[in-house]
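Novice:
Numbering (our numbering), first residue to last: 19 to 367.
1. Along the chain, which unbroken stretches of the beta strand (DSSP E) at least 3 residues long are found entirely within the segment 130-179?
2. Give the straight-line distance between the Cα atoms of residue 332 and residue 241, rounded to the nearest whole angstrom.
3. For residue 325, report the span of its beta strand (DSSP E) as first-last.
4. Check whether the segment 193-206 and the segment 218-228 touch, using three or more Cβ-Cβ pairs below 8 Å as the test.
5. Over the uninterrupted beta strand (DSSP E) stretch that includes residue 350, give me the two end residues.
6. Excluding sequence positions up to five away, which residues of its chain have a Cβ less than 6 Å from the Cβ of residue 351?
7. Counting C-beta neighbours from all protein chains within 10 Å, is the total for residue 20 16 or more, i.e. buried, or is it exposed?
8. Could you give the distance in angstroms between the alpha-carbon of residue 280 and the alpha-carbon of residue 78?
9. Contact between the segment 341-348 and the segment 49-57: three or more CB pairs below 8 Å?
10. What does the Cβ neighbour count give for residue 361, buried or exposed, with the cut at 16 atoms within 10 Å?
11. Is residue 231 near residue 128, with beta carbons less than 8 Å apart?
12. Based on the DSSP secondary-structure assignment, which residues constitute the bridge partners of residue 288?
13. Write down the C-beta distance between residue 212 and residue 145 rounded to the nearest angstrom, noting that I regard them as a contact closer than 8 Å.
14. By Cβ distance below 8 Å, which residues in the same chain neighbour residue 359 in space, the five residues on each side in sequence not counted?
15. Out of 330, 186, 258 and 150, state which residue places its alpha-carbon closest to the alpha-carbon of residue 278.
16. Quick one: measure Cβ to Cβ for residue 324 and residue 354, integer angstroms, because I've assumed they're closer than 8 Å.
Written out as structure tokens, the structure is:
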């Protein structure tokens with residue numbers, strides 16, 4: 019595989035290019051049937067949901083980790099004030115930094131990026147039994163991804179990822195222990211959390227990755243939030259009187275190159291180079307064998323591989339939100355793909 023092929027499969031464009039082939043030739047799929055005649059029903063359902071929850075499609079927020087920071091409890095007896103505050107947790111936190119601690123805007127953004135990264139890494143299936151009780155809210159209860167999001171936010175505020183509150187850095191991450199994580203997430207025999215050791219390992223790996231990539235995360239005090247400085251000084255970033263305009267590929271580079279060492283080494287590799295969330299599939303092999311493909315459809319020139327980059331895109335969305343809210347404009351976001359799947363279109367065989 020050439021350098022250009024590796025670059026292609028790591029790119030966002032590879033996701034649509036390869037999955038479009040699977041959609042175009044669904045008869046070769048091994049695990050799903052596709053019912054495109056159901057697509058109008060899906061569209062109708064989505065429109066109804068949008069009309070129910072939002073005044074306009076423009077009001078729909080990003081699909082990012084930040085939605086979990088706005089979660090409302092599943093149990094407990096919160097007063098109306100607590101329920102109202104759920105949707106403004108991050109705004110209240112940044113207001114505290116700005117007004118009470120007199121933190122400058124760039125450092126506020128670095129902290130939000132710190133929080134986004136560690137919280138996304140902790141967001142894997144919690145299991146059916148685990149719950150998180152928010153003592154600071156009077157005993158409200160959360161579970162699943164929302165619970166993990168609230169727990170990670172509280173631990174972040176307490177300094178669980180660093181030597182001090184409200185940030186995370188390489189030293190703090192490398193020294194995280196299973197016991198510390200269990201305590202922060204209220205894990206016990208009666209409240210088991212799936213994959214505690216794996217979550218701990220990801221955070222420790224992140225600490226090492228930050229130190230090994232000063233280009234993205236700085237050398238003096240390596241932090242995820244230092245990616246802000248990389249983006250603002252990137253050669254492709256344009257600065258004018260209205261602020262900064264940054265091509266999405268600059269942020270994507272940080273995610274797929276800078277953070278690549280965080281995840282296990284069992285990812286698909288070609289000639290020793292990890293491709294990330296890219297996998298072989300029999301369907302792609304059959305498509306290349308039995309269908310007459312155009313030069314564009316043959317791009318990548320590997321018959322078996324299909325790219326998804328799901329977790330990387332989830333992380334990217336979760337970084338884009340605070341960056342965009344700070345006034346930074348990104349171009350090329352149309353290359354991002356949705357991370358959900360409708361059962362009305364896809365049925366498992």
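Glycine included, C-beta positions come from ideal geometry on N, C-alpha and C.
Specialist: Let me spell this out:
1. 149-152 and 158-161
2. Here residue 332 corresponds to residue number 314 of the chain shown, with the count starting at 1. Here residue 241 corresponds to residue number 223 of the chain shown, with the count starting at 1. In a straight line, the C-alpha of residue 332 is about 19 Å away from that of residue 241.
3. Against the chain shown, residue 325 aligns to sequence position 307. Unbroken beta strand (DSSP E) run through residue 325: 323-325.
4. yes
5. Position 332 of the chain shown, counted from the first residue, corresponds to residue 350. Premise fails: residue 350 is in no beta strand (DSSP E) and is neither H nor E.
6. Indexing the chain shown from 1 puts residue 351 at position 333. 266.
7. Within the chain shown, the letter at position 2 stands for residue 20. It is exposed - the Cβ of residue 20 has fewer than 16 other Cβ atoms within 10 Å.
8. Position 262 of the chain shown, counted from the start, is the residue given in the question as residue 280. Position 60 of the chain shown, counted from the start, is the residue given in the question as residue 78. Roughly 31 Å between the two C-alpha positions.
9. Note that the segment 341-348 does not touch the segment 49-57; fewer than 3 beta-carbon pairs, one per stretch, sit closer than 8 Å.
10. To locate residue 361, count along the chain shown from 1; it is residue 343. Per-residue confidence for residue 361 stands at a pLDDT of 43, beneath the threshold of 50, marking its modelled position as unreliable; the derived number appears in the next sentence. Flag for residue 361 reads exposed.
11. Position 213 of the chain shown, counted from the start, is the residue given in the question as residue 231. Position 110 of the chain shown, counted from the start, is the residue given in the question as residue 128. Contact: no.
12. Along the chain shown, read from residue 1 onward, the residue named residue 288 stands at position 270. BP columns for residue 288 point to 291.
13. Residue 212 sits at position 194 when you count from the first residue of the chain shown. Residue 145 sits at position 127 when you count from the first residue of the chain shown. Residue 212 to residue 145, Cβ: 4 Å. Contact.
14. In the chain shown, the residue the question calls residue 359 occupies position 341. Residue confidence is low: residue 359 scores 42 on pLDDT, short of 50, so the model does not pin down where it sits. No coordinate-derived value is stated.
15. Taking the first residue of the chain shown as position 1, residue 278 is located at position 260. Selected option, being the one with the closest Cα: 330.
16. Reading the chain shown from its first residue, position 306 is the one you call residue 324. Reading the chain shown from its first residue, position 336 is the one you call residue 354. Between residue 354 and residue 324 the Cβ distance is about 17 Å, and since that is not below 8 Å, they are no contact.
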